[in-house]
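Numbering (our numbering), first residue to last: 449 to 640. We treat Cβ as the ideally placed atom computed from N, Cα and C, and that holds for glycine. Predicted model, so just to flag it, every value in this text is computed and none were measured.
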């Protein structure tokens, strides 16, 4: 059964990875680049500062904890444990995988850190802002960033699904801790 699932995963990867064009190459390369998103992160920080004033510092710390946990757990508890080769490193299919700019990523890919990090941020911030349009935007953003990793040939779809589930779980968990401890700290520290 596992072999069948992994075979389907490979076939889906090859199908999704084969739909490349010069326009989408540029778009997906940009979406996958963490530096491309710095203005978005800056806007998010400004939004939190506007909404929460000085209390935003604690909120930003909890968001940083969320993303750090997602990133480190995805690498140390998944990639280094499962050691599933990325499609771009898998000798059985690497010649069939379209890659861009010679980028192949690290050796192991399960689970995707991009997916874990972006979905962790999405899960945390949607609970923070509780705004319908923001929720749509942040989850579509996380999905497109995650899909870009398949497009670039460095992750299988199951790598993305695993990373997204890990990230959402951590985002919800850390937001719960934020509500439990962060709000108590803020009330004690900033209440006159």
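Annotated three-state conformation of residue 625 is helix, per DSSP. Relative to residue 556, the option among 571, 524 and 548 whose CA is nearest is 524. Secondary structure of residue 548 (DSSP, three-state): coil.
Rounded to whole angstroms, residue 477 and residue 599 show a C-alpha spacing of 9 Å. Judged by DSSP in its simplified three-state form, residue 569 adopts helix.
Counting only residues of its own chain and dropping the five nearest sequence neighbours on each side, residue 608 has a CB closer than 6 Å to the CB of 560, 563 and 594.
The Cβ atoms of residue 509 and residue 568 lie no closer than 7 Å to each other. Residue pairing by DSSP places residue 582 in no beta bridge whatsoever.
Listed in chain order, the non-local C-beta contacts of residue 472 below 8 Å within the same chain comprise 599, local neighbours out to five positions each way being set aside.
Inclusion of residue 618 and residue 518 in the CB contact set at 7 Å is warranted, their separation being smaller than that value. DSSP places residue 556 in the strand class (E or B) of the three-state scheme. Taking residue 554 as reference, the option from 588, 601 and 570 with the minimal CA-CA separation is 601.
The continuous alpha helix (DSSP H) containing residue 521 extends over residues 504 to 521. Straight across, the Cα-Cα distance linking residue 527 with residue 533 is about 9 Å. The C-beta distance from residue 610 to residue 558 rounds to 6 Å, short enough to meet the 8 Å contact threshold.
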